[in-house]
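S.K.:
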Amino acid sequence: MFKDLNPILHSQLRLAVISILISVQEAEFTYLREKTDASAGNLSVQINKLKEAGYIDVTKSFKDNYPQTICKITPQGIQAFEEYVRDLQAYLNIKK
Amino acid sequence: MTGQESLELIARMIHKAKRDYLDSGLSALLWGTVISFCSLVSFINQVTVKIDAINVVWVLTFIAVVPQILIAIREKRARKYKTYEEDHMGGIWISFAIAVFLLNFIFWRYEYTGEPAVYLMLYGVPTFATGYSRRFPPMLIGGIACWALAVLSLFCGYPYTLLCITAAALIAWFIPGLILRKRYLKAKETHV
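Those sequence lines, one after another, are chains R and W. Position one of the first sequence corresponds to residue 0 (numbering that gives the first Met the number 0), numbered consecutively onward. Position one of the second sequence corresponds to residue 0 (numbering that gives the first Met the number 0), numbered consecutively onward.
1) When Cβ atoms are compared, which residues of the region 157-169 of chain W fall closer than 8 Å to chain R?
2) Roughly how many whole angstroms lie between the Cα atoms of Lys17 (chain W) and Cys70 (chain R)?
3) I want to see whether chain W comes within less than 7 Å of Ala39 (chain R), judged by CB atoms only; does it?
4) Which residues of chain R have a Cβ atom closer than 7 Å to the Cβ of Tyr80 (chain W), listed in chain order?
5) Terminal residues of the continuous beta strand (DSSP E) containing Asp105 (chain R)?
6) In chain order, what residues of the same chain have a beta carbon less than 8 Å from the beta carbon of Cys163 (chain W), not counting five sequence neighbours either side?
7) Reducing DSSP to helix, strand and coil, say where Lys81 (chain W) ends up.
8) So which of W:Phe173, W:Thr189 and W:Glu85 has the shortest CA-CA distance to Leu25 (chain W)?
9) Against Leu6 (chain W), what residues of chain R qualify as contacts under a CB-to-CB distance less than 9 Å, listed in chain order?
10) Verify the CB distance criterion: does Ala79 (chain R) have a CB-CB separation below 7 Å to chain W?
11) So that I know if they touch, is there some Cβ in chain W lying closer than 7 Å to that of Ser60 (chain R)?
12) So, with DSSP's three-state summary, where would you put Pro66 (chain R)?
13) Compare the Cα-Cα distances from Ser60 (chain R) to each of R:Val44, R:Thr68 and R:Gly53 and report the closest residue.
14) Per DSSP, which one or two residues make a beta bridge with Ile72 (chain R)?
15) Helix or strand or just coil, what does DSSP make of Ala168 (chain W)?
16) How is Ile27 (chain R) classed by DSSP in three states: helix, strand or coil?
17) Quick check on Asp86 (chain R): buried or exposed, where buried means 16 or more other Cβ atoms within 10 Å of its Cβ?
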């Protein structure tokens, strides 16, 4: 019997964001938007969900007089991602 | 989204983020040019006119710190993300700069004949570490070349040791810098 996949991460855009953030130390909102091809509104909503789950930290500041949003994965987010990948592998092995 | 699609998405995003890291090559070009120029001028001076004042050319290595700081600031501002590797590399190159500065002081204070070998050995450390960590063979080769030239410099007398420094700066920094710059400009062109 396999565990249910984490519903917070099992969403295309949220999983894409977490996968990018696991590879870098931190990333700007604009970078995430560029890499995921998502709309600003949708990305903003999904980032908020990840933040509420405690998977990412979001810092808002200003850079050259423009607002800047920086996202960074938390230790809890890393753990959730690792568990998600393990569950996914177990799920795929059972299916095979 | 199926399990297979999730795994593919993860792999694609990680690959995108990794592939995105590109060094502009400006720092490597700057130091490759400055060090090779200074050592070559010193060498030519020693085998021809032998005017002590010409060795002041090495002051350029201190002046080059200014454009290096400007390059670092500009690149930091332009970057939309920060990698773990950047911090590690930054630490290694800052330690290298401090070690070179201290060596200058030590060699000024105490007479030592194998100066170029020590500098070359030190040049090899951050160069090899950068090549190793970024899986960038030109810098790996550059680091090894610095160490080989350090040994070679012990067997050739002054001023030929200066040519070892010129060769090291060209192989370790200037050539990798050119390759990085070419890659960077090509990637920038395709993004536009």
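Yeah, the Cβ is synthetic: ideal placement off N, Cα and C, and Gly gets one too.
M.R.: So, from the listed chains and residues:
1) Cβ contacts with chain R come from no residue of the region 157-169 of chain W.
2) C-alpha separation (whole angstroms): 17 Å.
3) Answer no: the Cβ-Cβ gap between Ala39 (chain R) and chain W never drops below 7 Å.
4) Listed along the chain, the chain R residues whose CB falls inside 7 Å of the CB of Tyr80 (chain W) are Val23, Glu25, Ala26, Glu27 and Tyr30.
5) Examination of residue 105 (chain R) is not possible in this model, given that chain R is present from 0 through 95 alone.
6) Result list for Cys163 (chain W): Pro115, Leu119, Leu148, Ala149, Leu151, Ser152 and Cys155, in chain order.
7) Reduced to three states, the DSSP call for Lys81 (chain W) is strand.
8) Ranking W:Phe173, W:Thr189 and W:Glu85 by Cα distance to Leu25 (chain W) puts W:Phe173 first.
9) Those within 9 Å of Leu6 (chain W) in chain R are Val84, Leu87, Gln88 and Leu91.
10) Not one beta carbon of chain W lies nearer than 7 Å to the beta carbon of Ala79 (chain R).
11) Closer than 7 Å: no.
12) In the displayed model, Pro66 (chain R) falls within a strand according to three-state DSSP.
13) Of the candidates R:Val44, R:Thr68 and R:Gly53, the one whose C-alpha sits nearest the C-alpha of Ser60 (chain R) is R:Thr68.
14) R:Ile55.
15) Ala168 (chain W) falls in the helix class under three-state DSSP.
16) For clarity, residue 27 (chain R) is Glu in the given sequence; the question names Ile instead. The answer is strand: DSSP assigns Glu27 (chain R) an E or B state.
17) Buried, by the Cβ-count rule.
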